[in-house]
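Position in the sequence shown (from 1) plus 1 gives the number in the working numbering. To start, the structure itself, in structure tokens.
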Amino acid sequence: MIQDIQYIKTKANLIRHLFIEDMEKHLLTFDQKVKQHGISVEWVENEDDLSTVIQDCFEKQSYNRICFDSSIIPSDFKEKNQRFKTISIEEVLSSSDNIENLVVEANFGIVEDGSIILLNKSTKSCFNKVENLHIILKINNLVIKKSDLELLLYLYQYENNSYQFPTDVKIITAPLPKVSSKPTYLDNQSYEVNPIKTYLYLYDGGISKILENPILRESLFCINCGRCQQVCPVYKQTQLFSPIYLVTNNCFEENQRTMQLFKNTTLCGNCNDVCPVLIPLTDLMLTEMQIIKNKHSREKNIDLFKFYSKRSKMNKINNRFFKYFFVKKHFKNNKRLLNYIQQQKLPFFNIENLQSKTKNE
Ligand code: SF4
């Protein structure tokens, strides 16, 4: 049992750093290795590209059933194509019929041997019913060596200060075999086995844009464990924003969601404390705010200063009377968050309190 978790986190941070700093070179190596295994590889820039490459795989002119077991679903997929029918994960799991297309999102890729790692995929039991398996892998979710992955998986499964490996890990190193239900011989002993057509999509989705920024680049270390979201008071109350979502999805964009989060974040720093790969999320948010605010007037920069000082002020206010007016002023636009903060009897930035609440809910 490794005791010093901070040491492991530092090592994980270094592993991510080494990959991200030389990402292009590693991606090219990975691409070659995967192709050597007989899996088609496509580089896709955004949802539109993804939609197009998936549709190119449709063999029939009509009635291609497709199931998305992925958070990345091209929003205009339906409107653009009438040749398919989407079916839910539940339908796929309960049906004995074959389906034409299944889209899953991989968690990691290993550069050294070109393997693709899927964690906790409910549809994995259906792979034998699928004609075309489409695997999406975000381009920052690779590790250089197998041993790197072991360490990250150890950190990935974090629960109440104890760490363990995920139990549901599927490793794909070649197209999976599809066993035909029809026996090839009369004695029923042999069955026809064909490889499932397997496509890997290396998905950019704005990642290369983040990579260009030497500071925000650290957000690409993320291994999608979800811990920052679990301890985020804003997410708990709004169910809308998580710290890593802010940093990675709204980068440089002054859209409504970004501005809402900037208004609501308490900059409490809980996310920094739990991140297994030591991403300084609060600092990244502030940097991102600064980039956006710098595009604007001096007046807007004064707003930024207010954001900076919000956390330190809140930590210092012990007087309930002042606290009441302070939070009212800063969070008046979000009633749920305002009520939540006002009801806190213990110090607001108390991560243990927040974690035990999460556990009990
Ligand atoms: S940023 Fe959040 S989701 Fe990503 S590794 Fe850190 S805690 Fe996990």
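Positions of the beta carbon are idealized from the N, C-alpha and C atoms, including for glycine.
Q.
Let's test the definition: count the other Cβ atoms within 10 Å of the Cβ of Lys358 and tell me whether it reaches 16, buried, or not, exposed.
A. With a pLDDT of 46 at Lys358, under the threshold of 50, the predicted position of this residue should be treated as unreliable, though the coordinate-derived value follows. When all chains shown are included, Lys358 counts as exposed.
(Q) Quick test of your reading: Leu153 and Val144, contact by CB under 8 Å. State the CB separation rounded to the nearest angstrom. (A) 6 Å
Q.
Suppose only complete runs of 4+ residues qualify. What are the alpha helix (DSSP H) ranges in the segment 89–126, listed by chain order?
A. 90–95
(Q) Below 8 Å on the Cβ atoms is my contact criterion, and I expect Val170 with Ile118 to pass it. Report the Cβ-Cβ distance as a whole number of Å. (A) 7 Å
Q: Taking only heavy atoms of the ligand SF4 into account, decide whether any of them is closer than 6 Å to the Cβ of Asn273.
A: no
(Q) Rounded to whole angstroms, what is the Cα-Cα separation between Arg66 and Asn340? (A) 46 Å
Q. With contact counted as at least three CB pairs below 8 Å, one residue from each stretch, are the segment 52–61 and the segment 210–221 in contact?
A. no
Q: Enumerate, from N- to C-terminal direction, the unbroken beta strand (DSSP E) stretches of 3 or more residues contained entirely within the segment 13–68.
A: 41–45
Q: Confirm the yes/no value for this check: CB of Ile245, any heavy atom of the ligand SF4, distance under 6 Å.
A: yes
**Q.** Pro215 (DSSP reduced to helix, strand or coil)
**A.** coil
Q) Should Phe109 go down as buried or exposed, given a rule of 16 or more other Cβ atoms within 10 Å for buried? A) buried
(Q) Taking the straight line between their C-alpha atoms, what separation do you get for Leu15 and Lys86? (A) 44 Å
Q: Can you tell me which of the three DSSP states Asp169 falls into?
A: coil
Q: Check whether the Cβ atoms of Ser177 and Phe128 lie closer than 7 Å to each other.
A: In the sequence as presented, Ser is not what sits at residue 177; that position holds Leu. Yes, these two residues count as a Cβ contact at 7 Å.
Q. Does DSSP put Pro244 in a helix, in a strand, or in coil?
A. helix
Q | Three-state secondary structure (DSSP) of Asn195 | A | strand
Q: Just tell me which of Asp49, Phe242, Ser97, Asn133 has its CA closest to the CA of Ser76.
A: Asp49
Q) Is Asn225 near the ligand SF4, judged by its Cβ being under 6 Å from some heavy atom? A) yes
Q) What whole-angstrom Cβ distance do Tyr101 and Glu151 have, given they're in contact under 8 Å? A) Residue identity check: residue 101 is Glu in the sequence provided, not Tyr. About 36 Å; that fails the 8 Å criterion.
Q: State the DSSP-derived secondary structure class of Thr87, mapped to helix, strand or coil.
A: strand
Q | Three-state secondary structure assigned by DSSP to Pro348 | A | Low confidence applies to Pro348: its pLDDT is 49, below 50, so where it sits in the model is not reliable, and the reading given next is rough at best. Correct three-state label for Pro348: coil.
Q | Distance, Leu287 Cα to Leu29 Cα | A | 33 Å
Q | Simplified DSSP state of Asn361, which is helix, strand or coil | A | Interpretation of Asn361 is limited by its pLDDT of 48, a score under 50 that renders its predicted location unreliable; the figure taken from the coordinates is listed afterwards. Helix at Asn361.
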